[in-house]
Every structure is written in structure tokens, then in C-alpha cells.
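Let me begin by presenting the structure, written as C-alpha cells, before commenting on it.
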Amino acid sequence: MKASALTTVMFIMQACYGVPKDIEDSVEIQISGYVTDKANGQPLSGIHLHVFHADGWSGCHDFGISDENGYFEMRQWGNIHKISQLTIEVEDEEANYQPFDTLVMSDSDLSSLKIKLESNQ
Amino acid sequence: MLQTFHNYFRKKETQLHELNYLFWECTQRCNLNCQHCGSDCLASSRYKDMPFEDFLNAIKPLETKYKRNSVLVVITGGEPLVRPDLPDCGRQLRQHGFPWGIVSNGYAYDEVIHKKLMDAGMCSITISLDGMRDTHDAFRKRQGSFDHALRAIDLIANEKCLPTYDIVTCVSPMNFGELEAIKQLLIEHKVKAWRLFTIAPIGRAAADDGLQLNDAQFRQLMDFIVATRKEGRIDCKFSCEAYVGPYERKIREWFYFCRAGITIGSILIDGSISACPNIDRSYVQGNIYQDDFLDVWENRFQPFRDRQWMKTGQCADCKVFKNCLGGAMHLHNKDAEGILLCHYNKIKH
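Listed in order, the protein sequences are those of chains A and B.
Each step along the first sequence adds one to the number in numbering that gives the first Met the number 0, with nothing skipped, and position 119 is 118.
Each step along the second sequence adds one to the number in numbering that gives the first Met the number 0, with nothing skipped, and position 82 is 81.
Right, here's the structure in full:
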């Protein structure tokens with residue numbers, strides 16, 4: 000076994016000054032995907048997205064805006080044992096598309112979401 | 000046997016010197032004026048708060064060397080909550096792959112800031128509580144400090160999304176008799192982790208001999224921690240400030256190991272690059288405004304990584320030097336021969 004692996008196993012941080020280091024329960028979830036027009040499949044840029052814990056705890060929120068390819072990326076952080084469901088809210092600030100929200104499981108594949116928005120017209 | 004095992008891994012960890020804990024002294028301003036402060040901070044500082052961009056630019060090269068989420072940034076001061084941009088700093092750190100936490104006196108920690116910090120991805124926090132109401136307020140030199148700290152503790156202890164936290168108490172003759180009461184209070188308030196320090200003769204505390212425990216009190220403190228750990232109602236531990244001989248592994252999970260400069264670095268208010276912020280500034284290794292932080296981390300820090308120079312003064316002939324390696328870095332300064340305070344001697348006498 001390499002020394003680095005050994006020291007990782009042995010590493011028990013006992014801070015003298017500072018905060019506790021035992022953050023192995025801390026999880027970072029990446030949420031990414033594409034926003035498209037439901038009718039024609041065209042990518043939608045400038046769409047605002049918001050992700051937060053579904054159960055209403057105070058907890059991490061993150062925001063994203065889709066780019067010219069409709070691609071967005073957000074992250075969610077928190078205690079791995081406590082995050083089960085996330086809410087994603089999607090809104091077109093120019094109101095050309097209907098607002099949309101969805102509930103996702105935090106342990107599912109959240110790296111290639113496909114969000115299709117319905118036009119108001 | 001286990002101590003020998005630990006010494007071997009300590010040597011390996013020192014050779015690797017992988018950064019995993021980085022202090023950012025973001026301000027020297029503080030909203031309190033504590034009697035025992037190790038940093039000597041003030042309500043208004045001669046240093047302006049460090050612009051977040053300066054800190055971020057200094058640590059960005061770490062993203063090429065270290066895995067995402069492997070370096071914890073510990074935001075300290077002064078009091079970090081005096082910075083209005085703290086949640087935004089935290090959010091940006093998370094976005095760049097640095098988990099972060101704060102050390103706070105809790106005075107300004109209310110529901111609003113708690114929510115903002117959680118929203119920004121805070122993953123660790125330490126709040127100080129130095130006694131029951133009268134004692135704590137006297138230490139802090141401000142009435143209401145205790146109630147404010149307790150409000151912060153309640154918010155944190157009840158926060159489901161926070162991965163970790165603890166409460167710290169600096170033990171001195173003034174609060175020594177209150178340890179049992181503080182313990183009960185923390186348990187009643189659902190606190191899971193409690194870390195006990197003694198007060199180092201540095202910073203503002205250097206001028207006040209009355210803050211040091213005598214030898215008998217120090218041994219009683221060790222016994223109190225051992226007993227509390229056996230009870231198992233709260234995860235009580237002694238901070239990693241000193242080798243304590245026969246109490247090792249009874250007062251914390253593992254052996255004493257001062258990781259300053261080995262896995263712990265810092266960027267201080269003036270851009271200085273060092274390890275824990277309470278270490279004497281004569282050991283500064285560089286400055287982010289002149290040097291590349293990653294280069295300094297990798298190629299300097301020799302006094303931190305080879306501590307044979309500490310074998311002087313009362314450490315010169317000490318039989319446990321191989322276990323303690325001269326004690327904690329913050330208990331040394333270049334003007335003094337040897338360590339400023341030896342906790343092991345307190346136990347022996």
C-alpha cells in the first residue's frame with residue numbers, strides 16, 4: 000500500500016485551533032443538463048434554475064443559468080445522510096415559457112437532466 | 000507499540016506534507032475584546048480585511064494539485080462574521096471545490112446569518128463558549144455574549160444539514176469549577192461535540208499569568224475529559240495542543256500530532272503564508288502578494304517539517320521528545336529558548 004493511502008487511513012484530524020475536519024459526511028452533488036423547448040427541441044439560453052433541499056431545511060441553495068446550448072450546471076452541498084430529495088425550480092425571466100419545478104432523488108444520476116419547457120404562446 | 004506505529008505514520012505524513020486544512024485570516028476586526036484572545040485582534044484593525052479575490056487567486060493553483068473537496072478552508076479572524084461578504088466568499092469557495100467552515104465567537108450568529116451560511120455550503124463550524132453566563136460574559140467583556148453564543152449553539156446543534164461542528168471551551172482557573180455545569184448545559188442543548196483547550200501564553204493572554212491552570216488543575220482537567228468520554232453523553236476531547244503522556248488516546252481518539260506546516264497552512268491578514276494563525280509571525284514562510292502560495296507550501300516550511308531545532312531548553316534532554324517533537328508550534332517563538340509551556344511537565348509534577 001502506498002504511503003499516501005496509509006496516511007489517509009490513519010488520518011484523524013485533531014484540530015488544535017480551527018474547526019472539526021471530520022467532514023466525510025459532507026457531500027457535493029453536481030446537477031447538470033439541458034433546457035430545451037418542448038415543442039421543437041431547440042436549446043433555451045438564459046433560463047434561470049434553482050436547486051434546494053426538498054424538505055425545507057435550511058440548507059444549500061444553488062443557482063444556474065442555461066448557456067447558448069441550453070446547458071446548465073449547479074451544485075448542492077450538505078450532509079450525505081440527510082439529503083434525500085432535491086427540488087429544482089426553472090423559470091424564464093422573460094416569461095416566454097411556463098415555470099417548471101421537479102423533485103429529484105439526490106442519489107440518482109443528476110448529471111444529464113433534460114428539462115423541457117412549454118411555451119406560453 | 001501503538002505510539003511507535005503513530006510515530007512512523009507521522010514521519011510519512013510529514014514527508015508527504017499534503018495540504019488539507021487551510022486557514023484564511025480574513026479579518027482582524029472583532030466584535031468582542033476577549034481577555035484570553037490568542038490573536039490580539041481589535042475592534043478596528045490596522046489591516047483592512049483581505050479582499051476575497053486576493054485569497055481566491057492565491058489558492059486557485061491548488062485546484063491543479065489537489066482533488067476537489069480535499070482542502071478544507073477554515074475562515075477565521077478576528078471574527079469572520081464582521082465581514083458582510085462572508086456568505087458570498089463561502090459560496091465561491093464551494094464552487095471552486097473548497098469545502099469551508101468558520102471559527103466564531105457566536106455573538107453575531109443569528110437565524111439570518113445561519114441560513115445564509117448554510118445556503119452557501121458551510122460544512123463545519125466552531126463556536127466558543129467559555130463558561131456559564133457570568134463567567135463567559137466576563138471573559139468576553141460584554142454582557143449578553145453568553146446568550147448570543149447559546150443562540151448560535153442552538154441553531155447549529157439543531158441544523159440537520161451541517162456535516163460537522165463543535166463547541167470549544169478555553170479552560171482557565173476562572174471557569175475550571177464550571178466544567179461540569181458547562182457539560183450539562185451543552186448536553187441539554189443537544190450538542191454532540193465539545194473540545195477543550197487550555198490558554199496559551201501568547202497574544203493578549205501572554206500578559207496574564209492568571210489564565211494558566213496550575214499542575215493539579217491540569218491533571219484534573221485530563222481526568223474530567225477521561226471521565227466524560229467514558230460516560231459517552233457528549234464527544235468531549237482535549238485539543239491537539241500538547242503531548243500528555245499517559246493520557247494520550249484517553250483524552251482524544253488518537254495521539255498528539257502538531258500538523259502545523261505539515262498538512263495545515265494559512266494565509267494571514269497581510270498575505271503572509273504560515274500555518275495556524277496563532278503561531279508566532281516570525282515563522283512566516285512567504286507572502287501571497289510576492290510569492291506563489293503552492294510553491295511556498297511545497298518548497299519552504301522546513302522549520303515546521305523538521306523539528307529537531309526544538310530540542311533545546313527544557314526539551315533538550317526530555318525522554319519523550321520522540322513522541323512530542325517539541326510540542327505545538329504555537330508554543331514557540333524565536334526569542335525564547337525552548338517551549339513556552341510544557342503540558343507534559345504539568346502531568347509529571
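For each residue, glycine too, the CB sits at the ideal point set by N, CA and C.
Beta-carbon spacing of residue i, residue j below 9 Å
i, j, result
"A:TYR16", "A:LYS113", "no"
"B:PHE292", "B:ILE263", "no"
"B:ALA107", "B:VAL81", "yes"
"B:ILE201", "B:ASP269", "no"
"B:CYS33", "B:LYS159", "no"
"B:ILE261", "B:ARG299", "no"
"B:GLN211", "B:THR197", "yes"
"B:GLY337", "B:GLN301", "no"
"B:TYR282", "B:HIS331", "yes"
"A:GLU117", "A:LYS37", "yes"
"B:CYS235", "B:THR227", "yes"
"B:VAL170", "B:LEU149", "no"
"B:PRO86", "B:ASP118", "yes"
"B:ARG93", "A:ARG74", "yes"
"B:TRP308", "B:GLY285", "no"
"A:PRO124", "A:GLU23", "The requested residue 124 of chain A does not occur in the structure, where chain A is confined to residues 0 to 120."
"B:CYS88", "B:PHE54", "yes"
Limits of the alpha helix (DSSP H) - the one that residue i falls within
i, result
"B:GLN27", "Run containing B:GLN27: none; DSSP gives neither H nor E here."
"B:HIS95", "Premise fails: B:HIS95 is in no alpha helix (DSSP H) and is neither H nor E."
"B:ILE224", "214 to 230"
"B:THR311", "Segment: none, B:THR311 is in no alpha helix (DSSP H) and carries neither H nor E."
"B:PHE300", "It is not in any alpha helix (DSSP H) - B:PHE300 carries neither H nor E in the DSSP assignment."
"B:ILE58", "51 to 58"
"B:ILE338", "Segment: none, B:ILE338 is in no alpha helix (DSSP H) and carries neither H nor E."
"B:LYS321", "320 to 323"
"B:VAL331", "Going by the sequence as given, residue 331 of chain B is His instead of Val. From DSSP, B:HIS331 is part of no alpha helix (DSSP H); its letter is neither H nor E."
"B:LYS47", "B:LYS47 -> no alpha helix (DSSP H), and no H or E assigned at all."
"A:VAL18", "Taken as a continuous stretch (DSSP letters only), A:VAL18 belongs to no alpha helix (DSSP H), as it is neither H nor E."
"B:LEU61", "61 to 64"
"B:ASP118", "110 to 118"
Extent of the continuous beta strand (DSSP E) run through residue i
i, result
"B:TRP353", "For residue 353 of chain B there is no data in the structure shown, the boundaries of chain B being 0 and 348."
"A:VAL103", "99 to 104"
"B:LEU1", "Premise fails: B:LEU1 lies in the alpha helix (DSSP H), 1 to 15, not in any beta strand (DSSP E)."
"B:ASP234", "234 to 237"
"A:LEU116", "112 to 116"
"B:LEU71", "71 to 75"
"B:THR125", "123 to 127"
Beta-carbon separation (whole angstroms), residue i vs residue j, contact threshold 8 Å
i, j, result
"B:ALA156", "B:ALA241", "About 28 Å separates the two Cβ atoms, so there is no contact after all."
"B:LEU71", "A:LYS115", "Not a contact, Cβ separation roughly 39 Å."
"B:ILE166", "B:ILE152", "6 Å"
"A:SER105", "A:LEU85", "5 Å"
"B:SER127", "B:GLY105", "7 Å"
"B:GLY349", "B:GLN27", "Given a span of 0 to 348 for chain B in the structure shown, any question on residue 349 of chain B remains unanswerable."
"B:ILE181", "B:GLY244", "Contact doesn't hold; Cβ gap of about 26 Å is too wide."
"A:TRP76", "A:VAL26", "7 Å"
"A:GLY69", "A:SER31", "With a Cβ gap of about 11 Å, A:GLY69 and A:SER31 do not count as contacting."
"B:LEU125", "B:ASN174", "A small correction: the amino acid at residue 125 of chain B is Thr; Leu does not occupy that position in the sequence shown. That belief does not hold up - the Cβ atoms of B:THR125 and B:ASN174 are roughly 17 Å apart, past 8 Å."
"A:PHE51", "A:GLY63", "No, A:PHE51 and A:GLY63 are not in contact; Cβ-Cβ is about 12 Å, not under 8 Å."
"A:ASN119", "A:ASN95", "6 Å"
"B:PRO276", "B:GLU110", "28 Å between Cβ atoms; not a contact."
"B:LEU18", "B:TRP296", "6 Å"
Chain D within 9 Å of residue i, Cβ atoms only
i, result
"B:ASP165", "Within the model displayed, chain D is absent; protein chains A and B are what it includes."
Near the ligand MG: residue i beta-carbon under 8 Å from a heavy atom
i, result
"B:GLN2", "As presented, the structure is devoid of all ligands, the ligand MG included, so that no description of it is given."
I'd like the ranges of any beta strand (DSSP E) spanning at least 3 consecutive residues and lying wholly in the segment 22 to 85 of chain A. If we require 3 residues or more, the beta strand (DSSP E) runs fully inside the segment 22 to 85 of chain A come out as 25 to 36, 47 to 52, 60 to 64, 70 to 78.
I'd like the ranges of any alpha helix (DSSP H) spanning at least 4 consecutive residues and lying wholly in the segment 129 to 201 of chain B. Here the runs fully enclosed are 132 to 139, 144 to 156, 178 to 187.
Output needed in chain order: residues of the segment 98 to 111 of chain B with a Cβ under 8 Å from some Cβ in chain A. Going along the segment 98 to 111 of chain B in chain order, one finds PRO98, GLY100, ILE101, VAL102 with a Cβ nearer than 8 Å to chain A.
Tell me which residues of the segment 117 to 136 of chain B have at least one Cβ-Cβ distance to chain A shorter than 8 Å, keeping chain order. Legend: CB atoms of the segment 117 to 136 of chain B lying less than 8 Å from CB atoms of chain A belong to residues MET117, ASP118, ALA119, GLY120, CYS122, SER123, ILE124, THR125.
Listed in chain order, which residues of the segment 101 to 113 of chain A have Cβ atoms closer than 7 Å to some Cβ of chain B? Of all residues in the segment 101 to 113 of chain A, none comes within less than 7 Å of chain B when Cβ atoms are compared.
Could you list the residues in the segment 8 to 23 of chain B with a C-beta less than 8 Å from some C-beta on chain A, going in chain order? Cβ contacts with chain A come from PHE8, LYS11, GLU12, GLN14, LEU15, GLU17, ASN19, TYR20, PHE22.
Run through the segment 242 to 286 of chain B for me and flag every whole beta strand (DSSP E) of 3 or more residues, listed as ranges in chain order. Here the runs fully enclosed are 263 to 266, 271 to 273.
Note down, in chain order, all residues in the segment 12 to 41 of chain A with a beta-carbon under 9 Å from any beta-carbon belonging to chain B. The residues in question are MET12, GLN13, ALA14, CYS15, TYR16, GLY17, VAL18, PRO19, LYS20, ASP21, ILE22, GLU23, ASP24, SER25, VAL26, GLU27.
For the segment 58 to 75 of chain B, list every residue whose C-beta sits within 8 Å of some C-beta in chain A, in sequence order. Across the segment 58 to 75 of chain B, CB contacts with chain A closer than 8 Å involve ARG67, ASN68, LEU71, VAL73, THR75, in sequence order along the chain.
Against chain A: residues of the segment 150 to 163 of chain B by CB proximity under 8 Å: Correct list: GLU158, LYS159, CYS160, LEU161, PRO162, THR163.
Identify each residue in the segment 282 to 305 of chain B for which the Cβ-Cβ distance to at least one residue of chain A is less than 7 Å, and report them in chain order. With the criterion set as a beta carbon lying under 7 Å from some beta carbon of chain A, the segment 282 to 305 of chain B has no members that meet it.
Taking beta-carbon pairs under 7 Å, can you tell me which members of the segment 181 to 206 of chain B lie near chain A? For the segment 181 to 206 of chain B, which is checked against every Cβ of chain A, the residues closer than 7 Å are ALA192.
At a CB distance below 9 Å, what residues from the segment 75 to 95 of chain B approach chain A? Give them in sequence order. Cβ contacts with chain A come from THR75, ARG90, ARG93, GLN94.
Contact set between the segment 270 to 281 of chain B and chain A, restricted to residues whose Cβ is under 8 Å from the partner: The segment 270 to 281 of chain B vs chain A, Cβ under 8 Å: CYS275, PRO276, ASN277.
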